[in-house]
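Student: Each residue of the sequence shown is one higher than the last, beginning at 4 in this note's numbering. A virtual CB, placed ideally from N, CA and C, is assigned to each residue, including glycine.
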Amino acid sequence: MWLTAAGIAGLLWGSFAASFAYRWPRAQSVWRGRSRCPACGRNLRAVMLIPLLSFLCLKGRCSDCHAAISYRYPLSEIVSAVSFVVIAALAGPGANALWLLALAALLLPLAMVDLEFQLLPDVLLLPAALLGLFHHLHLGFPQGSWQMAALGLLIGAGTGLGLRFAIRYWKKQEGLGLGDVKFFGLAGWWCGALALGDFMLISGLAGLAFATLWRA
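(1) Look at the Cβ atom of phenylalanine 213, then the Cβ atom of alanine 114, and state whether they are nearer than 8 angstroms.
(2) Based on the DSSP output, what are the partners of asparagine 46 in its beta bridges?
(3) Round the Cβ separation of glycine 36 and serine 86 to the nearest angstrom and send it over; I've been treating them as touching at under 8 angstroms.
(4) Counting only the same chain and skipping the five closest in sequence on each side, list residues whose C-beta sits under 8 angstroms from that of valine 88.
(5) Between which residues of its own chain and leucine 154 is the CB-CB distance below 7 angstroms, once the five residues before and five after are set aside?
(6) Using only alpha-carbon positions, find the residue among Ser38, Leu56 and Pro54 that is nearest to arginine 48.
(7) Identify, in the order they occur along the chain, each residue of the same chain with its Cβ nearer than 7 angstroms to the Cβ of leucine 136, setting aside the five sequence neighbours on each side.
(8) Check for me: the alpha helix (DSSP H) holding glutamate 119 runs from which residue to which?
(9) Within a Cβ cutoff of 8 angstroms, which residues of the same chain sit near serine 206, ignoring the five residues on either side of it in sequence?
(10) What number of angstroms, rounded off, separates the C-alpha of arginine 171 from the C-alpha of aspartate 117?
(11) Along the alpha helix (DSSP H) that carries glycine 17, what are the first and last residues, could you check?
(12) Report the three-state DSSP secondary structure of alanine 94 (helix, strand or coil).
(13) Measure from the alpha carbon of glycine 180 to the alpha carbon of each residue in Leu59, Gln121 and Ala152, then state which is nearest.
(14) At 4 residues or longer, and completely inside the region 144 to 180: list those alpha helix (DSSP H) runs for me, N to C.
(15) Using DSSP with H/G/I as helix, E/B as strand and the rest coil, what is alanine 70?
(16) Can you check which of these residues, Pro77, Ser148 and Phe19, is closest to leucine 216 by C-alpha distance?
(17) Smallest Cα separation from isoleucine 72: which of Val82, Gly147, Leu55 and Leu140?
(18) Among residues of its own chain, excluding the 5 on either side of valine 126, which ones have a beta-carbon nearer than 8 angstroms to its beta-carbon?
(19) Which residues bound the alpha helix (DSSP H) around cysteine 60?
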């Protein structure tokens, strides 16, 4: 029941995340207005908003104009559902799982916007940082002390800044934005100094796989 609930929640959130990733960079309201077909502009009926199933039933095409629906929508729903189930399975029922699921819910649209527009919105980064603070206050700081979390933040942000300046110096162009620097700091804040390297390796590999599918 726990894993089933996590999977369903992941599917629903993946649908919203895809909508956010489409609307927010285009300065459209994320909360107002019904979803529309990008090709013909028709409002999507309720049956067309069912995560994954609607895409399969419609065979990947709009029911009105028959334009192809981007595979990124079902991809985001599948990735979200799998992520939620994996977190729920590893963490088990409890507060820690809920905190981690909330973090995953913020990271998914963050990754989607970054891959398409090379932006990491503060509207997602700042809540993720606050979420980390509340998580630490509730369940304890990483490696047992707030100093390790703060040090992780400094190391992460410092690494991001170092890479930013190095790329600018050697390639004479921007390689990393300030959003990337903030994300590195966010990773250190959540993981702590001692686990930051492992997190960056794992997240880098996962991000590469997701980016390959997203841009295919």
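Tutor: This is what the structure gives:
(1) yes
(2) Arg39
(3) With 8 angstroms as the limit, glycine 36 and serine 86 do not qualify as a contact, their Cβ atoms being about 27 angstroms apart.
(4) Leu6, Ala9, Gly10 and Gly13
(5) Ala196
(6) Ser38
(7) none
(8) 98 to 120
(9) Ala190
(10) 20 angstroms
(11) 5 to 26
(12) helix
(13) Gln121
(14) 149 to 174
(15) coil
(16) Pro77
(17) Leu55
(18) Trp27
(19) 56 to 60
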